[in-house]
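The opening residue of the sequence shown carries number 35 in the working numbering; numbering runs sequentially from there. Ideal placement from N, C-alpha and C gives every residue a C-beta, glycine not left out.
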Amino acid sequence: MTHSVLVIDDEPITRYLLRRVLEGVGFQVVEAEYGLDALTKIRQEQPDIMILDAKQQDDAGFAVCRAPQAEGGDRLSVVMLGARTQLATIQEILHTGIAKYLPKPVSSSDLLAKVEEVMCYAPVGD
């Protein structure tokens, strides 16, 4: 079974690099540039995991994290990437329902380790 990942980032180069890493190990990748576009992709594609940049130009990052749960989509696990590195801030972020938080820049090995960890604990779509 191929697992699907929705990558949300307003930087094209970041989306490209994440796509290369994830497709390189067999994930199906769907991209969204902004948070509001991501909401449509979540409904259409029903991804297993969402990798989200915390800082979106449309300020919809946390709204996107909450939307799937509000629609009964609690099977969607969220991995957030961001610049924040203070422990208290990261703990606060994780209390919003985000499965994992990775500070940027993130290595491909760290990213894949967190995605695999999330996959082990999350129900997967068909």
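Give me whichever residues DSSP pairs with M84 in a beta bridge.
-> L40 and V112
Using a Cβ-Cβ cut-off of 6 angstroms (strictly less than) and excluding sequence neighbours within five positions of D87, which residues of its own chain qualify?
-> D43 and L115, listed in sequence order.
Give the DSSP-derived three-state secondary structure of K134 in the structure shown.
-> strand
Using alpha carbons as the reference points, say which of T74, S142 and M153 lies closest to V112.
-> The shortest C-alpha to C-alpha distance from V112 to any of T74, S142 and M153 is the one to M153.
Could you tell me which of L70, L73, D71 and R49 sits nearest to V63, measuring between CA atoms?
-> In terms of CA proximity to V63, R49 leads the group L70, L73, D71 and R49.
Supposed contact pair P81 and S38 - C-beta distance, whole angstroms, cut 8 angstroms = In this structure, S38 and P81 form a Cβ contact; the two beta carbons are roughly 4 angstroms apart against a cut-off of 8 angstroms.
Residues bridged to Q62 [DSSP beta-bridge criterion] | Beta-bridge pairing links Q62 to S38.
Would you decide whether V59 is buried or exposed? Buried here means 16 or more other CB atoms lie within 10 Å of its CB.
-> Classification for V59: exposed.
Give the range of the alpha helix (DSSP H) segment to which E67 is assigned.
-> Neither: E67 is in no alpha helix (DSSP H) and is coded neither H nor E.
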